[in-house]
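Trainee:
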Amino acid sequence: MSAPDDLRRGWCPGMLRPMETRDGLLARLHPRGSVLSASQAQAIAEGARRFGNGLLDLSSRGNIQIRGVTPDLHPHLVESLIAAGLMDGVRSESPFRLTTISPLAGIDPSELIDASALAERIEETGRSITGLHAKMSIVVDGGGAVTLDRIKADIRLVALSTTRVAVGVARPGGNKWVGALAPTAVPAAIGAMISATADGVGQRLREIDDDQLTHCLKALPIDPPEIPPFRAHAPRAGRVPTGDQAAIFLVPPYGRCTADALARAASWSQQFARGEIRLSPFRALVIPFVSAEGCATLARDAGFIVDEDDPRLSISTCSGMEGCARGSTSTHADSNRIAAALPAGISVHISGCPKGCAHPGPADLTLVGDGGAYQVVLGGTARDKPLTRAGIDAVAERLAGISDRTDLMRVFGTGRP
Ligand code: SF4
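Take the sequence shown: its letters are residues 7 to 423, numbered as in my numbering.
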């Protein structure tokens, strides 16, 4: 077990090395390819009920976290997940999984390459490299319906055609396209790039200087950069067509799901589809191959978001005081208050403290927990200078008087207490 401070040093919790939180141990599971069979999803739900507090979080890397595990029951949880085949093929050390893919990877007819298969080859390469930074991440985007440009990554691979993949590298100012490769050449090239960062201290790619990056790229069989074309974002919730069938994206509000809700999703995957659930990096459960009506209605009734215009999709939030010792506000309950008053088109981040775990980037409105109230930041991050401080009632009251983003400064920029 590890203390929360470890997170500041780039450490990540896993199933064998859970993290202490306010509501018990948090054990993160990294299912291979972010794919679960219905029986595996049922096993996770059962484990969360019997050995945890019945709550689960979906992560922005397609992982799932079991909350509220007690130290004496943790070994039993691990045993149950091993028995369900859920610990197979995962790196034994952090980073437990390098790649992030679309939840439709490998089954999306509009994909240019099979991103699922390519990601698995990169994982195989990565398993032989030790000393990588714990948060090293590689986005593998097959060019299909779900674009991954909003997912942060050290290395970004985007299919340009069936025979070309664009390679981008994180730099201090954002992603930089550095070259293009044939898909077959990608695993070895990526292996060489990340090996260079593993030497010594285990850096992230945005931390190496330009000379190091140039030196690293010179050694690779990489062609001049090509910039992938713009692709519209697929809906984050509800039905996404996949050829003759569809996938249903079920979003638990703020990424928090109950064991019962996961178990119900598993049974719907058998009733309406092929008994499979995928974990989306946009914090959704995805049921692919749905061939009958009715799944979305049941999911809505069970509390999942299945409507793309649901205002809760505009809010990012962390576990707050219920799950983290640094939080002093009930971020999920307060998010529901804000959602009820939120006009469309405004992004909100409600953070339990300035660490900003749920959303490192800027939002139109960021509320940062502070002694039971919130510091209010407009157009910035949880670490930026606030304009004012207000309780949740006052924030909701001010939001009720606005119609769009431009009104935020009018209602929060006055410094009213
Ligand atoms: S942002 Fe939220 S989860 Fe992260 S340390 Fe602060 S209170 Fe805890």
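Just so it is clear, CB atoms sit at the ideal spot from N, CA and C, and this is done for glycine as well. Because the structure is a prediction, the values reported are computed rather than measured.
Taking C-alpha atoms, which residue in Ile352, Phe295, Cys263 lies nearest to Asn69?
Mentor: Reading the sequence shown from its first residue, position 63 is the one you call residue 69. Measuring from the Cα of Asn69, the nearest candidate turns out to be Cys263.
Trainee: Excluding the 5 residues preceding and the 5 following Leu42 in the sequence, name in chain order all residues of the same chain whose CB lies nearer than 6 Å to its CB.
Mentor: One-based indexing of the sequence shown puts residue 42 at position 36. Excluding sequence neighbours, Leu42 sits near Ile283.
Trainee: For Ser43, does the three-state DSSP call read helix, strand or coil?
Mentor: Along the sequence shown, one-based indexing puts residue 43 at 37. Strand, per DSSP.
Trainee: Helix, strand or coil for Phe57? Go by DSSP, reduced to three states.
Mentor: Working through the sequence shown from its first residue, we reach residue 57 at position 51. Helix, per DSSP.
Trainee: Listed by chain order, which residues have C-beta atoms less than 5 Å from any heavy atom of ligand 1?
Mentor: Listed along the chain, these residues meet the criterion: Cys324, Cys330, Arg332, Gly333, Ser357, Gly358, Cys359, Lys361, Cys363.
Trainee: Once you ignore the five residues that flank Ala188 on each side, which residues in its own chain have a CB closer than 8 Å to its CB?
Mentor: Indexing the sequence shown from 1 puts residue 188 at position 182. If we look at Ala188 and ignore the five residues flanking it on each side, its Cβ neighbours are Thr169, Arg170, Val171.
Trainee: Can you tell me where the beta strand (DSSP E) with Asp316 in it begins and where it stops?
Mentor: Taking the sequence shown and counting its residues from 1, one reaches residue 316 at position 310. First-last for Asp316: undefined, no H or E at that position.
Trainee: So is Phe418 buried or exposed if we call it buried at 16+ other beta carbons inside 10 Å?
Mentor: As a first step, residue 418 is located in the sequence shown; it is residue number 412 there, counting from the start. Flag for Phe418 reads buried.
Trainee: Quick one, which of Ile398, Gly375, Ala400, Met415 has its alpha-carbon nearest Ala388's?
Mentor: By 1-based counting over the sequence shown, the position of residue 388 is 382. It is Gly375.
Trainee: Please report the straight-line C-alpha distance between Gly174 and Leu166, rounded to a whole angstrom.
Mentor: Looking up residue 174 in the sequence shown gives position 168. Looking up residue 166 in the sequence shown gives position 160. If you take the alpha carbons of Gly174 and Leu166, they lie about 12 Å apart.
Trainee: Considering only residues of the same chain and omitting the five flanking positions on each side of Leu211, which have a CB-CB separation below 7 Å?
Mentor: Counting from 1 along the sequence shown, the entry for residue 211 is found at position 205. Same-chain partners within the cutoff: Asp160, Ile161, Val175, Ala176, Thr203.
Trainee: In the DSSP assignment, the beta strand (DSSP E) including Arg262 goes from what residue to what residue?
Mentor: The residue you call residue 262 lines up with position 256 of the sequence shown. Its beta strand (DSSP E) spans residues 262-264.
Trainee: DSSP three-state label for Ser8, please.
Mentor: For the purposes of this step, residue 8 is taken as residue 2 along the sequence shown, with counting starting at 1. With a pLDDT of 41 at Ser8, under the threshold of 50, the modelled position of this residue cannot be trusted; read the value that follows with caution. Ser8: strand per DSSP, three-state reduction.
Trainee: So, under 8 Å CB-CB, Ser341 and Met327 are touching, yes? Tell me the CB distance rounded to an integer number of Å.
Mentor: Residue mapping note: residue 341 aligns to position 335 of the sequence shown, counting from 1. Residue mapping note: residue 327 aligns to position 321 of the sequence shown, counting from 1. That belief does not hold up - the Cβ atoms of Ser341 and Met327 are roughly 13 Å apart, past 8 Å.
Trainee: Taking the beta carbon of Arg404 as the centre, do at least 16 other beta carbons fall within 10 Å, making it buried, or is it exposed?
Mentor: On the sequence shown, position 398 is the one that residue 404 refers to. The residue in question, Arg404, is buried, as its Cβ has 16 or more Cβ neighbours within 10 Å.
Trainee: Determine the closest residue to Met21 out of Arg38, Pro193, Val84, Ala54, with distance taken between C-alpha atoms.
Mentor: Looking up residue 21 in the sequence shown gives position 15. When only C-alpha atoms are compared, the closest one is Val84.
Trainee: Check whether the Cβ atoms of Val296 and Ser320 lie closer than 7 Å to each other.
Mentor: Position 290 of the sequence shown holds residue 296. Position 314 of the sequence shown holds residue 320. Contact: no.
Trainee: In this structure, what does DSSP give as the bridge partners for Ala267?
Mentor: Against the sequence shown, residue 267 aligns to sequence position 261. Bridge partners of Ala267: none, in fact.
Trainee: Figure out for me which residue from Arg156, Ala47, Thr248, Glu130 has the closest Cα to the Cα of Ala272.
Mentor: In the sequence shown, the residue the question calls residue 272 occupies position 266. Cα-wise, what sits closest to Ala272 is Ala47.
Trainee: Given that a residue counts as buried once 16 or more other Cβ atoms are within 10 Å of its Cβ, and exposed if not, what is Ser134?
Mentor: Translated into positions along the sequence shown, residue 134 becomes position 128. Exposed, since its Cβ has fewer than 16 Cβ neighbours within 10 Å.
Trainee: Within its chain, find whatever has a CB closer than 6 Å to the CB of Lys361; leave out the 5 residues flanking it on each side and keep chain order.
Mentor: Here residue 361 is taken as the residue at index 355 of the sequence shown, counted from 1. Taken in chain order, the list of residues that qualify is empty.
Trainee: Got a sec? Which residues, its chain only, sit under 6 Å from Asp120 by beta carbon, not counting five neighbours each side?
Mentor: Locating residue 120 in the sequence shown gives position 114, where the first residue counts as 1. Excluding sequence neighbours, Asp120 sits near Gly112.
Trainee: Can you have a look at Pro77 and say buried or exposed, based on whether 16 or more other CB atoms are within 10 angstroms of its CB?
Mentor: Indexing the sequence shown from 1 puts residue 77 at position 71. Pro77 comes out exposed.
Trainee: State buried or exposed for Met199, treating a residue as buried only when at least 16 other CB atoms are found within 10 Å of its CB.
Mentor: Working through the sequence shown from its first residue, we reach residue 199 at position 193. Buried: at least 16 other Cβ atoms inside 10 Å.
Trainee: Using DSSP with H/G/I as helix, E/B as strand and the rest coil, what is Arg14?
Mentor: Locating residue 14 in the sequence shown gives position 8, where the first residue counts as 1. Unreliable placement is indicated for Arg14, whose pLDDT of 39 sits below 50; no coordinate value is reported for it.
Trainee: With the cut-off set at 7 Å, would you say Thr105 and Ile128 are in Cβ contact?
Mentor: On the sequence shown, residue 105 is found 99 positions in, with the first residue counted as 1. On the sequence shown, residue 128 is found 122 positions in, with the first residue counted as 1. Their beta carbons are under 7 Å apart, which means Thr105 touches Ile128 by this criterion.
Trainee: Among Ala33, Leu64, Asp94, Leu110, which has the Cα closest to the Cα of Gly74?
Mentor: In the sequence shown, the residue the question calls residue 74 occupies position 68. Out of Ala33, Leu64, Asp94, Leu110, Ala33 has the C-alpha closest to the C-alpha of Gly74.
Trainee: Given a threshold of 16 other Cβ atoms within 10 Å of its Cβ, counted over all protein chains shown, does Asp147 qualify as buried or as exposed?
Mentor: Position 141 of the sequence shown, counted from the start, is the residue given in the question as residue 147. Asp147 is buried by the Cβ-count criterion.
Trainee: Are there 16 or more other CB atoms within 10 angstroms of the CB of Met25, so buried, or fewer, so exposed?
Mentor: By 1-based counting over the sequence shown, the position of residue 25 is 19. Its Cβ being crowded by 16 or more others within 10 Å, Met25 is buried.
Trainee: Based on the DSSP output, what are the partners of Ala176 in its beta bridges?
Mentor: Counting from one through the sequence shown, the residue named residue 176 turns up at place 170. Ala176 is bridged to Asn181.
Trainee: Whole angstroms is fine: what's the gap from Leu118's alpha carbon to Leu124's?
Mentor: Reading the sequence shown from its first residue, position 112 is the one you call residue 118. Reading the sequence shown from its first residue, position 118 is the one you call residue 124. Going by the C-alpha atoms only, they are around 12 Å apart.
Trainee: Give, in chain order, every unbroken run of the alpha helix (DSSP H) that is at least 4 residues long and sits entirely within the region 185-222.
Mentor: You should have 192-204.
Trainee: I need the DSSP call for Thr168, collapsed to helix, strand or coil.
Mentor: In the sequence shown, the residue the question calls residue 168 occupies position 162. Three-state DSSP puts Thr168 in coil, outside helix and strand.
Trainee: Could you check which residue in Ala90, Gly333, Pro227 has the C-alpha nearest to that of Ile196?
Mentor: Along the sequence shown, one-based indexing puts residue 196 at 190. Checked all of Ala90, Gly333, Pro227; the closest Cα to Ile196 is Pro227.
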